[in-house]
Amino acid sequence: AGLVDGEGSVSINRRRDSTGTRRGYCFRLNLAIANTDANLVEWCRKTTQVGKIGPVTCADPERHKPAVRWEVWTRQAASVLEQVLPWLITKRDRVQLALEFQRRVSASRAGKFGLTEAEWEWQVGVHGTMAVLNKRGLK
227 AGLVDGEGSV
237 SINRRRDSTG
247 TRRGYCFRLN
257 LAIANTDANL
267 VEWCRKTTQV
277 GKIGPVTCAD
287 PERHKPAVRW
297 EVWTRQAASV
307 LEQVLPWLIT
317 KRDRVQLALE
327 FQRRVSASRA
337 GKFGLTEAEW
347 EWQVGVHGTM
357 AVLNKRGLK
């Protein structure tokens with residue numbers, strides 16, 4: 227839980243997707259933890275038995291150490307977040323919103339006809355709210 231609160235990122239990402247939508251993209255829950263200590267990131271993957279590890283792209287490699295990122299998407303991310311939620315402090319609001327998002331997405335029956343207009347608008351709204359919650363800098 228401390229890693230999610232301190233080093234983690236919880237977001238709703240927009241992704242190009244033509245299946246199940248009429249709009250050309252969809253939204254997905256993402257949990258990521260990045261760190262310069264590869265052993266810490268590998269511990270996350272081994273402990274949870276989900277996700278993938280990959281390099282972090284750095285804008286200025288001469289000033290920053292190489293880092294790696296553990297990422298988990300959709301239902302697997304929700305499962306991890308549900309388990310750590312009772313101990314979260316700083317990211318509690320984001321995780322609660324993310325879990326509600328994943329519950330509604332999993333329960334929807336988008337199928338080949340896509341989402342209803344109301345479901346689509348709700349997902350767009352959650353995406354925007356999460357972006358505001360994750361915004362860097364002074365509030």
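The sequence shown begins at 227 in our numbering and counts up one residue at a time.
Cβ coordinates follow ideal geometry from the N, Cα and C atoms, glycine included.
| Item | Value |
| --- | --- |
| Measuring straight from C-alpha to C-alpha, what distance separates residue 361 and residue 297? | 20 Å |
| With respect to the alpha helix (DSSP H) encompassing residue 308, which residues constitute its N-terminal and C-terminal limits? | 300 to 310 |
| Which two residues bound the contiguous beta strand (DSSP E) that contains residue 255? | 251 to 261 |
| Bridge partners for residue 296 per DSSP, in chain order? | 259 and 279 |
| Should residue 258 and residue 314 be called a contact, given that it needs their Cβ atoms to be closer than 9 Å? | no |
| State yes or no: is the C-beta of residue 279 within less than 9 Å of the C-beta of residue 254? | no |
| Check this for me: beta carbons of residue 341 and residue 328, under 9 Å apart or not? | no |
| DSSP on residue 232, reduced to helix/strand/coil? | helix |
| Under DSSP, the alpha helix (DSSP H) around residue 319 begins and ends at which residues? | 318 to 333 |
| Does residue 360 come out as helix, strand or coil in the three-state DSSP assignment? | coil |
| Cα-Cα, which of 307, 229 and 299 is closest to residue 266? | 229 |
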